[in-house]
Amino acid sequence: MTSFQPGETLSVKCKNSIFSMRNGYCTFVPEFETFTGAYMTSPGWQKIQAINLATGDAFFPMRALAMTDVVEIRRGSEIVPVPLPMASDHSVKTWTISGSKNQVYTITEENGRRTCTCLGFNFRRACKHIDARPIQ
Ligand SMILES: [Zn+2]
């Protein structure tokens, strides 16, 4: 996986999430948008895999670009490999985890995002099963 240095300037080209919602009255929606800013490391609370760029705006200091939308990353004029999962990666993996009280939970990983079938994940969108080892 490509690693970036905090503070280095990156230009990140993303799929525009509203492009698929365009209609006859709004035909000028670009398919891609490019954001440029200083790379920021992922804060601990961030649950999605994203490239974070500083915006320089005090009220909106960080822009998180979901890895699933990223199609190209440039460092100056150099195109750097996009870390997985790429925009084109739609693989889905599932496996099971044994919890306490002999419960069995299913973990699903889709585009690098994991979900769990346990109650805790349902409430908090986080749980200990997500990073546990699969049952062999
Ligand atoms: Zn869980």
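Quick note, the working numbering runs 3 ahead of the 1-based positions in the sequence shown. By construction, the Cβ of each residue, glycine as well, lies at the ideal position given by its N, Cα and C atoms. Model, not experiment: these values are computed from the prediction.
Exercise for review: Could you tell me which residues DSSP puts in a beta bridge with N125?
Suggested key: DSSP, once it has assigned bridges, lists no residue as partnering N125.
Check your understanding: Who are the Cβ neighbours of R116 in its own chain at under 7 Å, not counting the five residues just before and after it?
Key -> I51
Review point. In the structure shown, what three-state DSSP assignment does N105 receive?
Key: helix
**Study point:** Per-residue DSSP class, three states only, for C23
**Key:** Note that residue 23 corresponds to Ser in the displayed sequence, not to Cys. Helix, per DSSP.
Review point. Cβ-heavy atom distance between G123 and ligand 1 below 7 Å?
Key: yes
Practice item. Check the C-beta distance from P64 over to T71 and give it rounded, since I have them as a contact under 8 Å. Key: P64 to T71, Cβ: 23 Å. No contact.
Check your understanding: V178 and K131 look like a contact to me (Cβ under 8 Å); what is the Cβ gap, rounded to whole Å?
Key -> Here the chain comprises residues numbered 4 to 139, so residue 178 is not present and cannot be evaluated.
Practice item. Keeping to the same chain, check which residues put their C-beta closer than 6 Å to that of S14; ignore five residues upstream and five downstream. Key: T37, T39, R77
Exercise for review: State the beta-bridge partners of T97 as determined by DSSP.
Suggested key: T111
Practice item. Please confirm whether any heavy atom of ligand 1 lies closer than 7 Å to the CB of Y42. Key: no
Practice item. Work out the CA separation of V83 and M4 for me, nearest whole Å. Key: Here M4 scores only 45 on pLDDT, less than 50, and its place in the model should not be relied on; the value that follows carries that caveat. Looking at the two C-alpha atoms, the distance is approximately 11 Å.
Practice item. Mind checking who C17 pairs with in its DSSP beta bridge? Key: E36, V73
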